[in-house]
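See structure below.
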Amino acid sequence: MSHFDLIVVGAGIIGAACADAATAAGLRVAIVEPGPIGGGSTAAAMGHLVAMDDDPVELALSRYSLQLWEAFADLAEAEFSRCGTLWVARNPQEIGAIDTRIARLAAAGIEARAVDADELYRLEPLLAPGMAGGLRVPGDAVVYPPRVALHLVKRACAHGATLHHGRRVLTLGDGAVTLDDGSRLVGPVLVATGCALPQLLPELPMRSRKGHLVITDRYPGLLHHQVLELGYADSAHGDADSSVAFNVQPRPTGQILIGSSREFGDGDSAVSPPMVQRMLQRAFTFMPGLRDLQALRTWTGFRPTPIDGRPYLGAVPGYRDVWAAAGHEGLGVTTALGSARLLIDLLRGDTPAIDPAPFAPSRVTT
Amino acid sequence: MSGDLIHLCVNGQSVAVPEGANVVAAVAQVTTRFRRSVHGEPRAPLCGMGVCFECRVRVDGHANLRACMTPVREGMQVQTDD
Amino acid sequence: MTERYDVLVVGAGPAGLAAAQAAASHGRRVGVIDAQARPGGQVWRHDIAKPPTRAAQAAIAAIDHVELLAGHTVIASEGHTLRTESAHGAHDLEYSALILATGARELLLPFPGWTLPGVTGAGGLQALVKQGWPITGKRVIVAGSGPLLLAAADSLRTHGAQLLGIHEQAPARTMAAFTAQLWRWPERAMQALGLRARLASVPYRFGSHVRAAFGRETLEAVEIVGPHGVQRVACDHLAVGYGLVPDTGLARLLGCALQDGAVHPGVRVDSFGRTSVTHVFAAGEACGIGGLAVARIEGAIAGHAAAGDDASATALLRRRTRARRFSGLLARSFALVPHLHALATPQTTVCRCEDVPLGALDDFSDTRAARLASRCGMGACQGRICGSALAELGRFMPAGSGRPPLFPARLDSLAASAGDLSVTADC
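Below, the structure written as structure tokens:
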């Protein structure tokens, strides 16, 4: 029997960030991960560090987290690239929404500004003719999430964390877990298992929202910003059974990563050709020049999605010393570092930098 | 088998190859280097049969096409990495 | 527009051509897909400077009632439909029965200097010269393993290469034992004698391998290890291949089971070529390296079986068994000596697409973890080169995601919705 100050279950970007933050705070940490580090939703993610302003609660967490990401800007493993985000408006109605968004971002301390059509095409000549303008958020960036997760786990281990790699948690109790090799770890438990959260904590509802991505061969200099349609949030935060949105990203390698799709109710990780077709057709309406690029791979991933779309960060009611950090939907990479700090602050009885109440798991159990 | 020659342009140089040849043959007349690897190393065809993707070149403006899988056409413009 | 075929064959090499001919002989509508512009596969690859062999000519002529879809690469699959890409766009091809005659690829192993321009596969350089690659007067060393070395050397010779030597890794005593067995296959023996006679002036060394290649921007010299020590030889080309491995990419995309326990497993089939997936057959090298004779017989068997004529398929089974016996002899005789697995150092590039050195994989026991962290196998060749090499080195099993696109393809080809392809076909 081994005693720890924190047992982190799951080494995706969230668990890895929590383990790293905990060791930095001087805690004795154990990490349990049955598969590759950052091998779940983290590996499938685009790695877009983005300030989404449609939910003030998420924006606060994102803003807090984005500041913490700055410490990774020069880390080779992060493959951090500050490409900024360019939100594209197709018509005057969408242009009309831009001022509100700039104001919301500014209130959170995030720089953003409107661009007219001329500037839009100067910034991204690949865009289809007829776009009305856009919104540019220069501070947004992209990272390579699985390598960041691996880096965080390695750093946690360098600070004394114990990694139980290839091990699975069989049973979860008050302040203890039993692993599949029969060993028992004792201490506060943090469940950060994303889509698999209900396996250990069935009282916290979680849906898996499937997404598809396509990556191209290398075309350096072709795309400069992560470019999305302004209507993206409708797809991301709407509740439709399936939706697609234009969302393309320049990888530092010169590759172009193309999203995005959202589907509830399809638990099969296989690539769905009709969904890929829909997603690419959407992308072509904004950037017809993409048609000619060579696609190398397609893959799918699942976004852990609580009912209200907000992550669970905090103590799990009904248990002693059991905590959750999961359910970040499509913002897990953006909000990982802030989520980790917030959670470790709560665990240690400190006051978090942002209000933790909206994320409390108790909101769904009471 | 035909004696006809096809004329194309590789890195700005004009080249003639027999009809039925692939772009790979034309590029080889001009340079030993087809592309630069991720770390800048010179690379050239390895497998000769469309598997290794080491012979990727730009053909008529389309980047990343396999020279060994692309039949020559009169007037083609071919560009290797700098 | 979706084209419909009773029997669709993928690969227009010996196995595919035989399969198409057999299936078409029963009056079925048959289509043959091949990524190359001309039929023949690798062994019968069209040579721009030479007429085809009589056997190749006959096999190609025999499919005149078959629709040849040349220059089509299979990129995706859904249900009973394959999506292909050609210079004209994307195409959907629906089938009642599908025969995989996808053949083999050359096994290419990493060693210091193998990324230099001028270093190619052995079959690789042979394929290149047939496409018009200038070789006249070039100093070439052929190395690696297997009968392909002689065939490649012969092609290079006829195209004017200056052959400095052929270096077979198998030891002399193994080769002597192999030669002693050859009389049991008179056709093979004659073929080997013919090749040796034509290459009589070229040194053919056994127990000899290339351990490193040198050069700045391009190949300048190689270092050869033989029974009598190490030798440095200046050359323009090194054509080095370690035999063939089954091409199972499409089989895996379709979910066909592969053979258990093999380092480079072929598609698992029964005696009629039926795979684990209903209505999908496989024949020839894709089911395990067996050579030309095996490919032709297995192609015919699968073609008859796919057309529903089990009797004609059954009649060929004895010939198949005999032909496969020869492939067993080949595999034993040209088994790779263990030190070939140790040629690559931790600094040697193993994934050429992403420039990943072998040492970058040392910390991982799991393929996926290694791929995610290092990008090994994530490049344009989709892990084909490094996957086979790493499997041979005993490091990981080949990648092969089983996800589309099977080969890199235009985004437009993936984006076209089924039934809507007439729109994109003219792009």
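Chains as they are written, first to last, in full-length UniProt numbering: chain A, 1 to 366; chain B, 1 to 82; chain C, 1 to 427.
Built from N, CA and C at the ideal position, the CB exists for glycine as well.
Every value quoted in this text rests on a predicted model; they were computed, and no experiment measured them.
Please check the pair residue i and residue j, which I expect to be a contact at CB under 8 Å, by giving their CB distance rounded to whole angstroms.
i: A/Tyr312; j: A/Ala326; result: 6 Å
i: C/Leu411; j: A/Arg291; result: 6 Å
i: B/Cys9; j: B/Met76; result: 7 Å
i: A/Ser41; j: A/Gly12; result: 6 Å
i: C/Pro203; j: C/Ile166; result: 7 Å
i: C/Ala61; j: C/Gly303; result: Between C/Gly303 and C/Ala61 the Cβ distance is about 16 Å, and since that is not below 8 Å, they are no contact.
i: A/Thr193; j: A/Leu204; result: Incorrect: roughly 11 Å between the Cβ atoms, too far for contact.
i: C/Pro51; j: C/Gly40; result: Actually they do not touch by this definition, with Cβ atoms about 12 Å apart.
i: A/Val88; j: A/Glu229; result: 6 Å
i: C/Gly320; j: C/Ile301; result: Note on residue identity: the sequence assigns Arg, not Gly, to residue 320 of chain C. Right, the Cβ-Cβ distance comes to about 6 Å (below 8 Å), so this counts as a contact.
i: C/Ala122; j: C/Gly103; result: About 16 Å; that fails the 8 Å criterion.
List the endpoints of the continuous alpha helix (DSSP H) containing residue i.
i: A/Ile98; result: 98–107
i: C/Phe326; result: 317–333
i: residue 422 of chain A; result: Here chain A covers residues 1 to 366 and nothing more, so residue 422 of chain A does not appear.
i: A/His41; result: For the sequence presented, residue 41 of chain A should be read as Ser rather than His. First-last of the alpha helix (DSSP H) with A/Ser41: 41–44.
i: A/Cys18; result: 13–24
i: B/Gln29; result: 23–30
i: C/Gly165; result: Counting along the chain, C/Gly165 falls outside any alpha helix (DSSP H), though it belongs to the beta strand (DSSP E) covering 162–168.
i: C/Thr367; result: 367–374
i: C/His26; result: From DSSP, C/His26 is part of no alpha helix (DSSP H); its letter is neither H nor E.
i: C/His304; result: 292–306
i: A/Glu119; result: 117–123
i: C/Gly387; result: 384–392
Using only CA atoms, which one of the options lies nearest to residue i?
i: C/Ala221; options: C/Asp310, C/Lys138, C/Ile75; result: C/Lys138
i: C/Asp247; options: C/His26, C/Leu93, C/Ala62, C/Ser388; result: C/Ser388
i: C/Val10; options: C/Leu69, C/His65, C/Gln42, C/Val337; result: C/Leu69
i: A/Glu263; options: A/Arg122, A/Pro274, A/Gly15, A/Ala30; result: A/Pro274
i: A/Arg310; options: A/Gly26, A/Val57, A/Ala11, A/Ala16; result: A/Val57
i: B/Ala28; options: B/Asn64, B/Glu74, B/Arg56, B/Gly61; result: B/Arg56
i: C/Gln347; options: C/Val66, C/Ala212, C/Gly27, C/Ala24; result: C/Ala212
i: A/Ala97; options: A/Ala233, A/Glu79, A/Phe72; result: A/Ala233
i: residue 367 of chain A; options: A/Gly330, A/Val322, A/Ala315; result: Lying outside 1 to 366, the shown extent of chain A, residue 367 of chain A is not represented and no answer is given.
i: C/Ala22; options: C/Ala313, C/Arg352, C/Cys351; result: C/Ala313
i: A/Glu111; options: A/Arg122, A/Leu86, A/Ala117; result: A/Leu86
i: A/Thr305; options: A/Arg147, A/Phe284, A/Ala132, A/Met206; result: A/Met206
i: C/Gly273; options: C/Glu298, C/Ala127, C/Ala257; result: C/Glu298
i: B/Val30; options: B/Met49, B/Ala44, B/Gly48; result: B/Ala44
i: A/Val244; options: A/Pro92, A/Leu230, A/Gly259, A/Arg218; result: A/Gly259
i: B/Leu5; options: B/Pro18, B/Gly12, B/Asn11; result: B/Pro18
i: B/Leu46; options: C/Glu354, C/Phe364, C/Gln126, C/Val267; result: C/Gln126
i: A/Val9; options: A/Arg155, A/Val191, A/Ser62; result: A/Val191
i: C/Lys130; options: C/Ala49, C/Glu3, C/Ala391, C/Arg105; result: C/Ala49
If I follow the unbroken beta strand (DSSP E) through residue i, where does it start and stop?
i: A/Gly314; result: 312–315
i: A/Trp323; result: 322–326
i: residue 135 of chain B; result: Chain B is shown from 1 up to 82; residue 135 of chain B falls before or after that span and cannot be answered.
i: A/Ser339; result: Taken as a continuous stretch (DSSP letters only), A/Ser339 belongs to no beta strand (DSSP E), being part of the alpha helix (DSSP H) at 332–347.
i: B/Gln77; result: 77–79
i: C/Val142; result: 139–144
Would you decide whether residue i is buried or exposed? Buried here means 16 or more other CB atoms lie within 10 Å of its CB.
i: C/Gln57; result: exposed
i: C/Cys427; result: Because the pLDDT at C/Cys427 is just 31, under 50, the model does not fix this residue reliably, and the point stays unresolved.
i: B/Asn64; result: buried
i: C/Arg54; result: exposed
i: C/Pro408; result: buried
i: C/Ile33; result: buried
i: C/Ala311; result: exposed
i: C/Leu317; result: exposed
i: A/Val214; result: buried
i: A/Asp116; result: exposed
i: A/Ile344; result: buried
i: C/Val245; result: buried
i: B/Ser22; result: Residue 22 of chain B is actually Asn in this sequence, not Ser. Answer is buried; the Cβ neighbour count reaches 16.
Determine, for residue i, whether the minimum Cβ-Cβ distance to residues of chain E falls below 9 Å.
i: C/Ser417; result: Reference to chain E is not applicable here, since the protein chains of this structure are A, B and C.
Taking 8 Å as the cut-off, does the CB of residue i come closer than this to any heavy atom belonging to the ligand MG?
i: C/Arg368; result: The model on display carries no ligand, and the ligand MG is accordingly not part of it.
Exercise. Which runs of the alpha helix (DSSP H) spanning at least 4 residues fall entirely within the region 227–275 of chain A, listed in chain order?
Worked result: 232–237
Exercise. What beta strand (DSSP E) runs, 3 residues minimum, are completely inside the region 49–130 of chain C?
Worked result: As for any beta strand (DSSP E) of minimum length 3 sitting wholly inside the region 49–130 of chain C, the runs are 67–70, 73–78, 81–86, 89–100, 104–106, ordered along the chain.
Exercise. Enumerated in chain order, which unbroken segments of the beta strand (DSSP E) with a length of 3 residues or greater are wholly contained in the region 193–277 of chain C?
Worked result: 204–206, 209–214, 221–226, 229–234, 237–241, 244–246
Exercise. Which ranges would you report for the beta strand (DSSP E) in the region 129–198 of chain A if only whole runs of at least 3 residues count?
Worked result: Taking 3 residues as the shortest admissible run, the region 129–198 of chain A contains the following complete beta strand (DSSP E) segments, listed from N- to C-terminal end: 133–137, 162–165, 169–173, 176–179, 184–186, 189–191.
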